[in-house]
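Asks: Mind looking over this structure? Questions follow.
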Amino acid sequence: MKVCVHEKGIVLVGKGWEIIQKLKEYNKDYVTISEWVQKAAQK
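Using the working numbering, read the sequence shown as starting at 87 and increasing by one per residue.
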């Protein structure tokens with residue numbers, strides 16, 4: 087499972103069930119994908 091976050095968006099690489107599980111995990115911290123990208127760009 088690979089998660090690449092950059093200023094233009096995110097890339098998730100893996101099996102379907104892995105991606106769904108990872109999105110549920112990140113959903114606890116970030117409400118939207120754009121919020122996730124903005125916070126990653128600040129770092």
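Backbone N, C-alpha and C define an ideal beta-carbon position, used for all residues, glycine too. Quick caveat: nothing in here was measured; it's all calculated off a predicted structure.
(1) May I ask which residues mark the beginning and end of the alpha helix (DSSP H) holding Lys89?
(2) Return the first residue and the last residue of the alpha helix (DSSP H) that Val97 is part of.
(3) Can you list, in chain order, the residues of its chain whose CB lies under 6 Å from that of Val97, leaving out five sequence neighbours each side?
(4) How about Met87 and Gly95: do their beta carbons lie closer than 8 Å?
Replies: This is what the structure gives:
(1) The question names Lys, but residue 89 in the sequence shown is Val. Premise fails: Val89 lies in the beta strand (DSSP E), Lys88 to His92, not in any alpha helix (DSSP H).
(2) Careful: Val97 lies outside any alpha helix (DSSP H), inside the beta strand (DSSP E) at Gly95 to Val99.
(3) Cys90
(4) no
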